[in-house]
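Residue numbers (this note's numbering), protein chains in the order written: chain G, 173 to 213; chain A, 248 to 405.
Just so you know, even glycine gets a beta-carbon here, dropped at the ideal spot from N, CA and C.
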Amino acid sequence: MGPATETRILIDLLMETLVKATEYYGRAVAMRSLLAATAGS
Amino acid sequence: MGALRFVLPAPRFGYAAPAVLELAAALVEWVPARWGRMELQQFAGCKSEMKTSEEHERRVIGSLEKQFAALHNSYSELIRATSLETLYHRPRQASGRPILSLAESVLRGAAAVEQTFGGLTANLWDDPFEWTLPENLSTKARIIEYLEEVAATRQRAF
């Protein structure tokens, strides 16, 4: 496996991780909105 | 001999020979030079393409680094801005499906980052599920501390 291929695999892994971590952040923000709405109602 | 004369008439061949030899000599010089130039051009093109590709990859990795740093800040701000009572609060769902609390979502996201960068830097690909459970990270300070540890692992990798 060449260095270029390794770099691409690394980028894929980092992007996959970033997407996953961002998705969890989105869930957390959604939960905060939900809690705020619940508290306000 | 007669047959040879018939096949290759001497006068025609005699006139053509110098020109053919001259052309052959020119080709002997020109072809390797041309091929050499082509190879050089192709090599230069590949090198230029490789350089462009490397630069592009470097830019992508740099951009990913910034995105991870921004996400870390967002996680931290969200935890700081949330009260302790609501950190692990799970509102009742009408469907009965389990739903993650705010802190659990943040911790799962941070755990994904830790797993990837822990794997890359120390070959530790274990799922950090166990040490990111609410009972282990019950306060805002503990959560922030864990987020900082993940950020440090990430920074080592970059």
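Please state whether DSSP places residue i in a helix, a strand or coil.
| i | result |
| --- | --- |
| Ala-447 of chain A | Because chain A is modelled from 248 through 405, residue 447 of chain A falls outside the range shown and cannot be assessed. |
| Ala-376 of chain A | The question names Ala, yet the displayed sequence has Phe at residue 376 of chain A. Looking at Phe-376 of chain A - three-state DSSP - the assignment turns out to be coil, as it is neither helix nor strand. |
| His-336 of chain A | coil |
| Arg-344 of chain A | coil |
| Met-248 of chain A | In this prediction, Met-248 of chain A scores a pLDDT of 43, lower than 50, which makes its location untrustworthy; no coordinate-derived value is stated. |
| Ser-310 of chain A | helix |
| Gly-198 of chain G | helix |
| Phe-253 of chain A | For Phe-253 of chain A, the pLDDT reaches just 43, beneath the cut-off of 50, and the residue's location in the model is therefore unreliable, although a value from the coordinates is still provided. Residue state, collapsed to three classes: helix. |
| Pro-258 of chain A | Its pLDDT being 49, under 50, Pro-258 of chain A is placed unreliably by the model, and the measurement read from it follows with that caveat. Correct three-state label for Pro-258 of chain A: helix. |
| Gly-174 of chain G | coil |
For a contact defined as C-beta to C-beta under 7 Å, what are the partners of residue i on chain G?
| i | result |
| --- | --- |
| Phe-315 of chain A | Leu-190 |
| Tyr-322 of chain A | Tyr-197 |
| Thr-379 of chain A | Going along chain G, no residue has its Cβ under 7 Å from Thr-379 of chain A, so there is no contact; the nearest lies around 11 Å. |
| Arg-355 of chain A | Tyr-196 |
| Thr-329 of chain A | Arg-204 |
| Ser-348 of chain A | Met-203 |
Check the Cβ of residue i against every Cβ in chain G and list those closer than 9 Å, keeping chain order.
| i | result |
| --- | --- |
| Gly-309 of chain A | Correct list: empty, because the minimum Cβ distance to chain G is about 11 Å. |
| Ala-398 of chain A | Neighbours of Ala-398 of chain A on chain G: none; closest Cβ ~12 Å, over 9 Å. |
Mind listing the chain A neighbours of residue i? Cutoff is C-beta to C-beta under 9 Å, in chain order.
| i | result |
| --- | --- |
| Ile-183 of chain G | Glu-304, Val-307, Ile-308 and Leu-311 |
Interface residues of chain A around residue i at Cβ under 7 Å?
| i | result |
| --- | --- |
| Thr-210 of chain G | Pro-338 |
| Thr-194 of chain G | Leu-318 |
| Thr-179 of chain G | Glu-304 |
Taking residue i and residue j to be in contact with their CB atoms under 8 Å, please state how far apart those CB atoms are, rounded to whole angstroms.
| i | j | result |
| --- | --- | --- |
| Ala-388 of chain A | Phe-376 of chain A | With a Cβ gap of about 21 Å, Ala-388 of chain A and Phe-376 of chain A do not count as contacting. |
| Gly-356 of chain A | Tyr-335 of chain A | Rounded, the Cβ-Cβ distance is 15 Å, inconsistent with contact. |
| Thr-363 of chain A | Thr-189 of chain G | 4 Å |
| Val-215 of chain G | Leu-325 of chain A | It is not possible to answer for residue 215 of chain G, since the shown part of chain G is limited to 173 through 213. |
| Ile-390 of chain A | Leu-354 of chain A | 7 Å |
| Pro-338 of chain A | Thr-179 of chain G | At roughly 43 Å, the Cβ-Cβ gap does not stay under 8 Å, so Pro-338 of chain A and Thr-179 of chain G are not in contact. |
List the residues of chain G that residue i touches, going by C-beta distances under 8 Å, in chain order.
| i | result |
| --- | --- |
| Val-368 of chain A | In the sequence on display, residue 368 of chain A carries Thr and not Val. Going along chain G, no residue has its Cβ under 8 Å from Thr-368 of chain A, so there is no contact; the nearest lies around 12 Å. |
| Leu-325 of chain A | Tyr-197, Ala-200, Val-201 and Arg-204 |
| Ala-359 of chain A | Thr-189, Lys-192, Ala-193 and Tyr-196 |
Problem - Length-filtered (4 minimum) alpha helix (DSSP H) runs lying within the stretch 359-404 of chain A - result: 387-404
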